[in-house]
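Everything on this sheet refers to the single structure shown next.
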Amino acid sequence: MRKKSGRTVRTVGGALALALGAGVVLGTVPAQADWSIYPIQLGYRGSARPSDAAAQNETRPAADRECFSKYGFRARGVTPLWLVSNSGNWYQYWRCDTN
1 MRKKSGRTVR
11 TVGGALALAL
21 GAGVVLGTVP
31 AQADWSIYPI
41 QLGYRGSARP
51 SDAAAQNETR
61 PAADRECFSK
71 YGFRARGVTP
81 LWLVSNSGNW
91 YQYWRCDTN
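Here the sequence shown stands for residues 1 to 99, where the numbers follow full-length UniProt numbering.
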């Protein structure tokens with residue numbers, strides 16, 4: 001009986017190690033939260049400030065892609081931060097957070 005118990009413990013231990021490894025690869029195991037900030041350029045050029053809603057709606061898909069490319073399945077989501085002009089080129093800054 002002892003031999004069978006040892007094999008069961010090894011089997012369960014191996015299965016647990018595989019499950020935890022898969023969780024790390026898939027990003028389902030909680031990790032330390034991380035974040036990054038990045039700008040996305042708007043298609044609009046000019047001196048008049050565009051509306052925040054329009055800037056966020058235009059750049060959100062690119063922000064989501066950037067966040068996912070950096071963190072993969074650990075990406076929790078993006079948050080709009082500020083809208084900045086640089087010589088008539090407008091940039092919406094986003095914050096990407098992990099889970």
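The C-beta atom is built at its ideal place from N, Cα and C for all residues, glycine as well.
As the structure is a computational prediction, the values presented were derived from the model and not from experiment.
Cα-Cα separation between residue i and residue j, rounded to whole angstroms
i     : j     : result
Asn99 : Ile37 : 16 Å
Ala63 : Trp94 : 7 Å
Asn86 : Phe73 : 33 Å
Gly46 : Asp52 : 15 Å
Gln41 : Cys96 : 16 Å
Coil, strand or helix - residue i by DSSP
i     : result
Ala75 : strand
Asn86 : strand
Arg49 : coil
Asp97 : strand
Buried versus exposed call for residue i [16 or more other C-beta atoms within 10 Å across all chains shown]
i     : result
Val24 : Residue confidence is low: Val24 scores 49 on pLDDT, short of 50, so the model does not pin down where it sits. Its coordinate-derived value is still stated next. The residue in question, Val24, is exposed, as its Cβ has fewer than 16 Cβ neighbours within 10 Å.
Leu81 : exposed
Short Cβ contact (8 Å threshold) for residue i with residue j
i     : j     : result
Tyr71 : Pro39 : no
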